[in-house]
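Contents: one structure, followed by commentary.
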Amino acid sequence: MILGRRRRSSTQELPTTEQARPAGEFVASVLSHLRQVVDVGWNLLDVDAEAHRLIREAGATSCYIDYHPVFGASPFGYVICTSLNEGVLHGRPYDRVLEDGDLLSLDFAVSVEGWVADSCLTIPVGTPHAEDLQLIRDTEQVMWAGIDQVTAGATVGDIGFAVMNEATSLGYSINDRFGGHGVGRTMHEAPFVPNHGTPGGGAELVAGQLITVEPFLVPTTSELVVDERDGWTQLAADGSRGAHSEHTLQVTDGAPIVLTARADDPAPRSSLG
């Protein structure tokens, strides 16, 4: 979920790594848990209920439930995005039982001790399709290409260019409306971190800053349309399936610290701090 393209304010509060880690570790643990337990027969509403239970037990605060940006028809109303099959982004949970072969993206953000972390993964349900597994791998590869650019003094254009270049090299086109973002005391802060860009362009990153890198890919189109049934879910315009990957990072003078890194994450780990 993106608010828009804004430059980071020089007065933005920056956390220490110790302050930022609890939220990242909690988000990672919830997504790892859901990856393990969600299966054929689960209802999307049950996925939300399970995430909500874990939030309550941890004393965390959901960033989604009351969230109402300009691109949402109403407050979101749930604690996790469940984007299913042709639903690529911002999927609102509804009464739908998961079936064998479904493709599900889980996007989750919370505040712990006053600091936010945000992450997303895409999982096959039941028997995976080979093309879905490849789409997931490609999306993660594109995300890590962007993460590898994250360092103090780099720009959001450097990240966007790397994401765009990696995606196009794999045969995908990029949607320029949505992308990553700053996080901090709230879920969406400056800067906007696009999935396309020019090296050296846009806001410059500073040490201590928290941002997300957040590509999403659809094999046959980059065009998204809103699902009029809920006013939230962004659907692939041609009905194709999509995948979505996201991590929250803390910028350093070297490689970034991947605050939402998961032990079961199959992606390359070269950028972990």
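This note's numbering applies: residue 1 is where the sequence shown begins, and numbers increase by one. All C-beta atoms, glycine included, are put in the ideal place defined by N, C-alpha and C. These numbers come from a predicted model, not from an experiment.
Coil, strand or helix - F161 by DSSP: By one-based count along the sequence shown, residue 161 stands at place 161. Looking at F161 - three-state DSSP - the assignment turns out to be helix.
Pairs of beta-carbons, one from the segment 10-20 and one from the segment 35-53, closer than 8 Å: are there three or more? no
Does the Cβ of L133 have 16 or more other Cβ atoms within 10 Å, making it buried, or fewer, making it exposed? For the purposes of this step, residue 133 is taken as residue 133 along the sequence shown, with counting starting at 1. Exposed, since its Cβ has fewer than 16 Cβ neighbours within 10 Å.
Can you check DSSP and say which residues form a bridge with T82? Walking along the sequence shown from the start, residue 82 turns up at place 82. Answer is L106.
Classification of I55 by the beta-carbon crowding that lies within 10 angstroms, buried from 16 upward: One-based indexing of the sequence shown puts residue 55 at position 55. It is buried - the Cβ of I55 has at least 16 other Cβ atoms within 10 Å.
Meets three-Cβ-pair contact criterion under 8 Å: the segment 138-153 and the segment 248-265: Because the criterion of three Cβ pairs below 8 Å is met, the segment 138-153 and the segment 248-265 touch.
How close, in whole Å, do the beta carbons of G180 and I211 come, if the pair is a contact with beta carbons under 8 Å? To locate residue 180, count along the sequence shown from 1; it is residue 180. To locate residue 211, count along the sequence shown from 1; it is residue 211. About 6 Å separates the two Cβ atoms, so the contact holds.
Out of curiosity, what's the CA-to-CA distance linking R6 and P194? As a working mapping, residue 6 is identified with position 6 in the sequence shown. As a working mapping, residue 194 is identified with position 194 in the sequence shown. Note that R6 scores a pLDDT of 41, beneath 50, so its modelled location is shaky; the value from the coordinates is reported in the next line. In a straight line, the C-alpha of R6 is about 11 Å away from that of P194.
Please state whether the Cβ-Cβ distance between P219 and S245 is less than 8 Å. Against the sequence shown, residue 219 aligns to sequence position 219. Against the sequence shown, residue 245 aligns to sequence position 245. Result no, Cβ atoms of P219 and S245 do not sit closer than 8 Å.
Starting from H52, follow the alpha helix (DSSP H) in both directions and report where the run begins and ends. The count along the sequence shown starts at 1 and reaches residue 52 at position 52. Where H52 is concerned, the enclosing alpha helix (DSSP H) stretches over L44 to A58.
Can a CB atom of chain B be found closer than 8 Å to the CB of L106? Of the protein chains in this structure there is only one, and it is not chain B.
Given 7 Å as the limit, tell me if V79 has its C-beta closer than that to any heavy atom belonging to the ligand PLP. By its list of ligands, the structure shown contains no ligand whatsoever, and the ligand PLP lies outside what it can speak to.
Kindly indicate which residue of R229, L249, H196 and L217 has the alpha-carbon position closest to the one of A207. Here residue 207 is taken as the residue at index 207 of the sequence shown, counted from 1. Per the Cα distances, L249.
Could you give the distance in angstroms between the alpha-carbon of G91 and the alpha-carbon of S83? Position 91 of the sequence shown, counted from the start, is the residue given in the question as residue 91. Position 83 of the sequence shown, counted from the start, is the residue given in the question as residue 83. Rounded to the nearest whole angstrom, the C-alpha separation of G91 and S83 is 4 Å.
Delimiting residues of the beta strand (DSSP E) encompassing D118: Locating residue 118 in the sequence shown gives position 118, where the first residue counts as 1. It spans W115 to P124 - the beta strand (DSSP E) in which D118 sits, taken as one unbroken run.
Cross-strand partners of Q250 (DSSP beta bridge): Working through the sequence shown from its first residue, we reach residue 250 at position 250. According to DSSP, Q250 bridges with L210 and I257.
Here's a check: name, in chain order, each residue in its chain whose Cβ is nearer than 8 Å to the Cβ of P199, leaving out the five neighbours to either side. As a first step, residue 199 must be located in the sequence shown, where it is residue number 199. Closer than 8 Å at Cβ, skipping near neighbours: T155, G157, D158 and F161.
State the beta-bridge partners of T16 as determined by DSSP. Position 16 of the sequence shown, counted from the start, is the residue given in the question as residue 16. Answer by DSSP bridge pairing: none, since T16 is not bridged.
Using the Cα positions of G101 and H129, report the straight-line distance between them to the nearest angstrom. The sequence position of residue 101 within the sequence shown is 101, counting from 1. The sequence position of residue 129 within the sequence shown is 129, counting from 1. Spanning the two alpha carbons is a distance of roughly 7 Å.
Short of 7 Å in beta carbon distance, which residues of its chain neighbour Y78, apart from the five on each side in sequence? Order them along the chain. As a working mapping, residue 78 is identified with position 78 in the sequence shown. Excluding sequence neighbours, Y78 sits near D48, Y64, I65, R92 and P93.
By a C-beta neighbour count over all protein chains shown, 10 Å radius and 16 as the cutoff for buried, is V213 buried or exposed? Within the sequence shown, numbered from 1, the residue matching residue 213 stands at position 213. When all chains shown are included, V213 counts as buried.
Using 10 angstroms around the beta-carbon of S105, count the other beta-carbons present and answer buried if the total reaches 16, otherwise exposed. Position 105 of the sequence shown holds residue 105. By the neighbour-count rule (16 or more Cβ atoms within 10 Å), S105 is buried.
Please state whether DSSP places T61 in a helix, a strand or coil. Residue 61 sits at position 61 when you count from the first residue of the sequence shown. Strand, per DSSP.
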